Structure formats: structure tokens, C-alpha cells
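Novice:
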Amino acid sequence: MADVLSVRDLRAGYAGSTVLDGVDLTVPAGGVVALLGRNGAGKSTFVHTVMGMLKPYSGSIRLGDRELAGAAAHTVARAGVAIVPQGRRVFAPLTVAENLRIASTRGRDGWTPERVYELMPRLAERRDNRGDQLSGGEQQMLAIGRALLRGPRLLLLDEPSDGLAPAVVDQVAELLEGLRGEGIAAVLVEQDLHLAFRLADEVAVMQKGRIVHRSSTADFRADRARAHALLGVG
Amino acid sequence: MERAEAGATEVTRSSPRRLVLAGAVLAVLVAVPVVLGAYPVTTMTRMLAFAVLVLSVDLLTGVAGLPTLGQAAYFGAGAYTAVLVGLHLTSDAMAQVAAGLVAGLVAAAATGWVAVRARGIVFLMLTLAIGESVHQVADTWSAVGGSNGLAGMPPISLFGSPLLASGFVYWWVLAVAIAVFAGVALVVRSPYGRTLRGVRDNEARMRALGYRPALARYGVFCLAGAVAGAGGALWVAQARFVSPGDLGFEVAALALLSVVIGGAGSLWGPCLGAALVLLVRDNLSASIGGHGPLVLGLVFVAVVFLMPRGLAGAGRGKGPRRGRGKGRGKERPS
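Sequences listed follow chains Z and P, in order.
The first sequence lines up with residues 0 to 233 when you count with numbering that gives the first Met the number 0.
The second sequence lines up with residues 0 to 333 when you count with numbering that gives the first Met the number 0.
#1: Excluding sequence positions up to five away, which residues of its chain have a Cβ less than 8 Å from the Cβ of P/Leu-255?
#2: Can you look up Z/Leu-53 in the DSSP assignment and give me helix, strand or coil?
#3: Quick one: using the 10 Å Cβ neighbour count with 16 as the cut-off for buried, is Z/Gly-106 buried or exposed?
#4: Please list, in chain order, all residues of the same chain as P/Val-279 whose beta carbon is under 6 Å from its beta carbon, the five residues on each side excluded.
#5: From Z/Ala-70 to Z/Val-6, what does the alpha carbon distance come to, in whole angstroms?
#6: Using a C-beta to C-beta distance shorter than 7 Å, which residues of chain P count as neighbours of Z/Glu-97?
#7: Is the shortest distance between the beta-carbon of Z/Ala-195 and the beta-carbons of chain P less than 8 Å?
#8: Would you please state the rounded distance, in angstroms, between the beta carbons of P/Phe-49 and P/Ala-227? I believe it to be under 8 Å.
#9: Answer with yes or no whether the minimum CB distance from Z/Met-205 to chain P is below 8 Å.
#10: At a Cβ threshold of 8 Å, is P/Gly-197 touching chain C?
#11: What in chain P is Cβ-close to Z/Arg-100, meaning under 9 Å?
#12: Which residues in chain Z have a C-beta closer than 7 Å to the C-beta of P/Ala-207? List them in chain order.
#13: Under 7 Å between beta-carbons, which chain Z residues line up against P/Tyr-210? List them in chain order, please.
#14: Measuring only the C-alpha atoms, how far is P/Val-84 from P/Ala-164?
#15: For the alpha helix (DSSP H) that contains Z/His-193, what are its first and last residues?
#16: Might you give, ordered along the chain, the residues of its own chain that have their beta carbon closer than 7 Å to the beta carbon of Z/Asp-20, omitting 5 neighbours on each side?
#17: Can you give me the C-alpha to C-alpha distance between P/Leu-233 and Z/Arg-129, rounded to a whole angstrom?
#18: For P/Thr-110, count neighbouring Cβ atoms within 10 angstroms of its own Cβ and tell me buried if that reaches 16, exposed if not.
#19: Just to confirm before moving on: does the CB-CB distance between P/Thr-41 and P/Gln-237 stay below 8 Å?
#20: Note the first and the last residue of the continuous beta strand (DSSP E) segment covering P/Ala-301.
#21: Can you tell me the Cα-Cα spacing of P/Leu-246 and P/Thr-126, whole angstroms?
#22: Using beta-carbon positions only, say whether P/Ser-132 and P/Asp-138 come within less than 8 Å of one another.
#23: Anything in chain P within Cβ reach of Z/Arg-149, meaning under 8 Å, just list it in chain order.
#24: Which value, in whole angstroms, describes the spacing of the CA atoms of Z/Ile-164 and Z/Gly-36?
#25: For the candidate residues P/Leu-52, P/Met-43, P/Pro-15, whose alpha-carbon lies nearest to that of P/Val-250?
#26: I need the DSSP call for P/Ile-287, collapsed to helix, strand or coil.
#27: Determine the extent of the beta strand (DSSP E) in which P/Thr-60 is found, giving its start and end residues.
#28: Rounded to the nearest angstrom, what separates Z/Val-49 and Z/Arg-179 at their Cα positions?
#29: Less than 8 Å between C-beta atoms, sequence neighbours within five positions excluded: which residues of the same chain meet that for Z/Leu-230?
#30: By the 10 Å Cβ neighbour count, where 16 or more other Cβ atoms means buried, how is P/Pro-15 classified, buried or exposed?
#31: Please report the distance separating the alpha-carbon of P/Val-101 from that of P/Leu-47.
#32: Comparing C-alpha positions only, which one of P/Gly-312, P/Trp-112, P/His-134 sits nearest to P/Ser-242?
#33: Starting from Z/Val-186, follow its DSSP beta bridges and name the residues at the other end.
#34: Count the other C-beta atoms from every protein chain shown that fall within 10 angstroms of the C-beta of P/Trp-170, then say buried if there are 16 or more, exposed otherwise.
#35: Helix, strand or coil: which one does DSSP assign to Z/Leu-258?
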């Protein structure tokens, strides 16, 4: 299957420091790759660099046939990449409906606020509530809905379980599982291994700015010793 | 989580109660020349024109998150242009307002592209520099009267009839001010207004949604320039005179003060703030030994402590002002 995302020898960081030190990663069309690793390994930096929110020092980021390394975030977004950021970052003063409309202005591929409401009825109930009046789980759903309205080919999910109660994480997991049929490829950065294993086809482990392991989720789970060596768990 | 701030002063949906209140305010405003004498009417006319300038400052400061000290420059561009049109071309009030609006728009378009690249204190200083530069030009350029300004503008006319009575000039200024207010309110509630609020609250997120924040900011900067220019034309419709003092730092600072007192982002609150500021500066000051600026300073301090969301947010608690803290609009991986 053709790769939606193909990253080669990506180097990036902040103010001269190097966080990503030659990352290679591919994501097949419709596939979900969980990017795992300890804190500070560079997972979120990778997501921000792919999104164009951080300019790389060098390397290649291809979305299909299009080179996006160094492109501005709005260009990357228009090319078909959407992000669900860590901490949700919904527009607090705007209502749920406004949060969705602000994304759907430039939406495409059949995603409309109504379709998001069908997928997430809870948001429909709260469409007139401001972003800061929502629970953490509702905000996460709103952030996912907002990303979907971009009609993405690639979805970047940065710690979607961050700060959520286990029961709410389960709801978010169900929602993301329901999206599998949409054929949207995804990179899932996640500390919650249960959630990562539940959603991902493949696992990539990052250490010190590099991908040091890549396997299917089933293979990764089968080898507890390796998981423990790579992540300190298992 | 980027926590929510109060935002209670945000422009919100119309409710029947609000519409009734707006209708009552409108009725009172229309009745002013009928019940008050010429002097209060001219004072109210100045307040309305100044409120249009303040509206432009609120559009930038409250809606787009760009606190500015430069709008007096575009107000002045509109005022000077209207007087020049009145002196040399026509006394038609509509033509003068249109000319003032275009002058403000062009001046903002010419200077804004640089200014909107900056945010926060840098933007504030850039707009201050623009304002002071334009003030300096007006103060020294003999073609526009230098420090003496331009006087002798004939009374404005509508459909060929000169508006000699202060009440008629008031009604004209009121009509334009309402039209400008309605236009700005429509923009704020439009998808573009939503974009501006999104850029204000989280610029990085808007980029990730495919928007170009600099373009959105440039658009609102030009629009605010046009509004300020129209305000300048209204100002001279009554005064029939313009001088560098009409576009100096004091005017810019009072306009920003009006926004703070009124409640940034609400549109109507800053208009109320504009009336209060001019009332203290031009009318009460004489009766308190010329200590108007001191009173304004005390009002400012009182509002900051007692009504952090301004007059428009009074009665909604003392929550934090719509914050624009450090790092606003920036995201960084944790």
C-alpha cells in the first residue's frame, strides 16, 4: 500500500539544539502508527515538525508525492494534514458550533459540522456552550471533530488521552476506532499503551530523537522483554 | 489546557431584551437635539465621532487582540481629507465621509503590512511610531496648515442643503455612526470575525487549520483604518476645523483608555467609554479646576480594580480580563 507520509532523515529542534536526530518514518494509507517513547524522546516535536509548526534543520517530509519539509503550517494543513494537539487547545471563548465552523470554512471531502454532530452526539447537545464550559472529554471530541473538518489524509494525534479519566479515554478510543473505516492515516503519540495498542496497526519507538524500533502492534505486544527494554514497561 | 478566560464582554447573540435596550438607547440618542440645547448637542456630536474612532480601536484591540496607539493617525487622515474636500471640492457630507473613509483605508493599507507582522508590545510601539510620524507630518507640512491646521471649512450639506443647525449635524453624525457600528458588528459576527477571534486566541492553532493569521490581521488593520478615517470625517463635520492636536498621542491614548474602560471586544462598551472620557475631558474638567486628566486616571484605576472587564462586563464578576498572556498564540511540545 502506498505511503501517505514518508519522513526521511528528519532533523529538528529548538534554538540550535537538536531534538529530532535523523527520524525515518512511513505511514501507509489508512494505517495508524503509534509513536511511543519516554518523555523527552521527541515525539511531540516530531508531530509539530510534520505539521509545519517547527521548521526542520534538514530532511524530507512527503505527503504522498508532495514535499512539505519547511512549508508553513497553513500550507501543510491545506495539503491534507490535521492535528489534534496535546491539551486539546479548543478556542475557549467560542462556542462548540463556532469552533467547528472555524475549521469547516476551509473544509472538504464531505466533512461538515452536521456529520461531526452525528458522529459525536454529545457535541450536538452542547453546540451553544463555550469551549471552556466543556469537560475534558468533550473538549477532546471537539478537537477531533475540528481536525476531521479539515478532511485530512493524515491525522496527527498528540496524546489524546492526556488528562482524561479512564472512562473518558474509553469513549475517545471508541470514537477513534469508529474513524478507522474513513481510511484516514494517523500518527498517534500516546503514553497510554492500552490506548495505543487498541488503536494502532503498527508501533514505532522513539529514543533520543530517532526511531529505534518498528513492528506490528501484535509483535510488539508479544515480546514483553523488548517492550520493557524500550519503554521501561511490560 | 489553554484555559478559558472570561470573555464575557465578547459580542454575543442578540436577545429580545438587548434589542429593546438598543431601541431605547437609539430613541434617546435621536431625541437629543429636541430636548437639549446647542452646546450639549455639539458635545454629543463630538462624542459620537470619537466613539467611531474608539470603535476602530476596539476592533483591533478587543476583537483581533492588537492593542494599538496608532489609530489617531488614520482618524487624522480622514479628518484632514474631509476638510480638504470641504475646502476645495464639495460640502457634500456623504462625499466627505467617503473621502475620509478611503483616506483612512489607504493610510492603514500603506502602513499596516509592516505593523501586523508584530504582536503585543512591539505592535503597540510600532503603531505609536506610525501615529507620532503622521502627527509630525501634520505639524510641519505647510500644505495642510502646519501647526495651525486647516480652518474655514464651509458647513456640510446633504442633498444640496447646508446643515446649519447643530441638531442636523448631530443627526447626520449619529446616522453614520450607527451605520458604522452596525457594519463593524456584522463583520465581528461573520466568519471573518470568527477568524479574527481565533487568531487572537490561538494563532498557532489557526495556522494548523489552514489560515494565514498575518493576512487576517492585515485585513482588520485596513478595516479599522477605514473606520477611524470615517470617524475623522465626522469629527470635522461638526468642528469644521482640523489641527495636529486632533491626531496626537493624547487622542490615541484616550481612545485606548476608552476601550479599557468600556470593555474590550464588546463594541458598545468602548463607545460608552468614549462618551465618558470626552465628558470628563471636555466638560467636567473646567468645573474641577482643570483636573480632568487626574479624574480620568482615577476612573482608569477604579475600572481596572473594580470592573476588570470594563463597563460592558460590569455585574459579571471580577474574573480575569480576556487574557493575552505571555506565549499567547504559541504552542510548544511539552
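Cβ coordinates follow ideal geometry from the N, Cα and C atoms, glycine included.
All figures in this text were calculated on a predicted structure; none of them were measured in a lab.
Specialist: So, from the data block:
#1: Counting from 1 along the second sequence, the entry for residue 255 of chain P is found at position 256. Val-56, Thr-60, Pro-66, Thr-67, Leu-68.
#2: The residue given as residue 53 of chain Z occupies position 54 in the first sequence. Reduced to three states, the DSSP call for Z/Leu-53 is coil.
#3: The residue you call residue 106 of chain Z lines up with position 107 of the first sequence. Bear in mind that a pLDDT of 46 at Z/Gly-106, under 50, signals an unreliable position, so the number given afterwards is only what the model happens to contain. That one is buried.
#4: For the purposes of this step, residue 279 of chain P is identified with residue 280 of the second sequence, where counting begins at 1. Same-chain partners within the cutoff: Gly-291, Val-294, Leu-295.
#5: Position 71 of the first sequence, counted from the first residue, corresponds to residue 70 of chain Z. Position 7 of the first sequence, counted from the first residue, corresponds to residue 6 of chain Z. In a straight line, the C-alpha of Z/Ala-70 is about 14 Å away from that of Z/Val-6.
#6: If you number the first sequence from 1, residue 97 of chain Z lands on position 98. Near Z/Glu-97 (Cβ distances below 7 Å), the residues of chain P are Arg-193.
#7: Working through the first sequence from its first residue, we reach residue 195 of chain Z at position 196. So, not an interface residue.
#8: Mapped onto the second sequence, residue 49 of chain P falls at position 50. Mapped onto the second sequence, residue 227 of chain P falls at position 228. Going by Cβ atoms, the distance from P/Phe-49 to P/Ala-227 rounds to 11 Å, so no, they are not a contact pair.
#9: Counting from 1 along the first sequence, the entry for residue 205 of chain Z is found at position 206. No, Z/Met-205 does not count as interfacial toward chain P.
#10: In summary, chain C is missing from the structure at hand, where the protein chains are Z and P.
#11: As a working note, residue 100 of chain Z is residue 101 in the first sequence. Simply Pro-190, Arg-193.
#12: Indexing the second sequence from 1 puts residue 207 of chain P at position 208. In chain order: Met-50, Met-52, Ala-72, Ala-76, Ile-82.
#13: Sequence index remark: in the second sequence, residue 210 of chain P carries index 211 (1-based). Residues of chain Z passing the Cβ test: His-73.
#14: As a first step, residue 84 of chain P must be located in the second sequence, where it is residue number 85. As a first step, residue 164 of chain P must be located in the second sequence, where it is residue number 165. C-alpha separation (whole angstroms): 21 Å.
#15: By one-based count along the first sequence, residue 193 of chain Z stands at place 194. Per DSSP, Z/His-193 belongs to the alpha helix (DSSP H) from 192-198.
#16: Taking the first sequence and counting its residues from 1, the one referred to as residue 20 of chain Z is at position 21. Around Z/Asp-20: Arg-10, Lys-207, Gly-208, Arg-209.
#17: Locating residue 233 of chain P in the second sequence gives position 234, where the first residue counts as 1. Locating residue 129 of chain Z in the first sequence gives position 130, where the first residue counts as 1. Approximately 38 Å, taken between the alpha carbons.
#18: Taking the first residue of the second sequence as position 1, residue 110 of chain P is located at position 111. P/Thr-110 comes out buried.
#19: Your numbering for residue 41 of chain P matches position 42 in the second sequence. Your numbering for residue 237 of chain P matches position 238 in the second sequence. Pairing P/Thr-41 with P/Gln-237 gives a Cβ-Cβ distance under 8 Å.
#20: In the second sequence, the residue the question calls residue 301 of chain P occupies position 302. No beta strand (DSSP E) holds P/Ala-301; the alpha helix (DSSP H) holding it covers 291-305.
#21: Counting from one through the second sequence, the residue named residue 246 of chain P turns up at place 247. Counting from one through the second sequence, the residue named residue 126 of chain P turns up at place 127. Each residue's Cα considered, the two are about 13 Å apart.
#22: Along the second sequence, read from residue 1 onward, the residue named residue 132 of chain P stands at position 133. Along the second sequence, read from residue 1 onward, the residue named residue 138 of chain P stands at position 139. No, the pair does not count as a contact, with Cβ atoms beyond the cut-off.
#23: Against the first sequence, residue 149 of chain Z aligns to sequence position 150. Neighbours of Z/Arg-149 on chain P, chain order: Leu-208, Gly-209.
#24: Numbered from its first residue, the first sequence carries residue 164 of chain Z at position 165. Numbered from its first residue, the first sequence carries residue 36 of chain Z at position 37. Looking at the sequence itself, residue 164 of chain Z is Ala, so the reference to Ile does not match. If I take the Cα positions, the gap works out to 22 Å.
#25: Taking the first residue of the second sequence as position 1, residue 250 of chain P is located at position 251. Of the candidates P/Leu-52, P/Met-43, P/Pro-15, the one whose C-alpha sits nearest the C-alpha of P/Val-250 is P/Leu-52.
#26: Position 288 of the second sequence, counting from 1, holds the residue named residue 287 of chain P. In the three-state scheme derived from DSSP, where H, G and I count as helix and E and B as strand, P/Ile-287 is classed as coil.
#27: Within the second sequence, the letter at position 61 stands for residue 60 of chain P. Note, P/Thr-60: premise wrong, no beta strand (DSSP E); not H, not E.
#28: The residue you call residue 49 of chain Z lines up with position 50 of the first sequence. The residue you call residue 179 of chain Z lines up with position 180 of the first sequence. Rounded to whole angstroms, Z/Val-49 to Z/Arg-179 spans 22 Å at the Cα level.
#29: Sequence index remark: in the first sequence, residue 230 of chain Z carries index 231 (1-based). So the qualifying residues of the chain are Leu-35, Gly-36, Arg-37, Leu-192, Val-204.
#30: If you number the second sequence from 1, residue 15 of chain P lands on position 16. So P/Pro-15 ends up on the exposed side.
#31: Along the second sequence, one-based indexing puts residue 101 of chain P at 102. Along the second sequence, one-based indexing puts residue 47 of chain P at 48. Their Cα atoms are separated by approximately 20 Å.
#32: On the second sequence, residue 242 of chain P is found 243 positions in, with the first residue counted as 1. With distances taken between Cα atoms, P/Ser-242 lies closest to P/His-134.
#33: For this step, residue 186 of chain Z is matched to residue 187 along the first sequence. Listed as beta-bridge partners of Z/Val-186 by DSSP are Z/Val-32, Z/Leu-155.
#34: In the second sequence, the residue the question calls residue 170 of chain P occupies position 171. Counting Cβ neighbours within 10 Å, P/Trp-170 comes out buried, since at least 16 surround it.
#35: In the structure as shown, chain Z starts at 0 and stops at 233, and residue 258 of chain Z therefore has no counterpart that could be examined.
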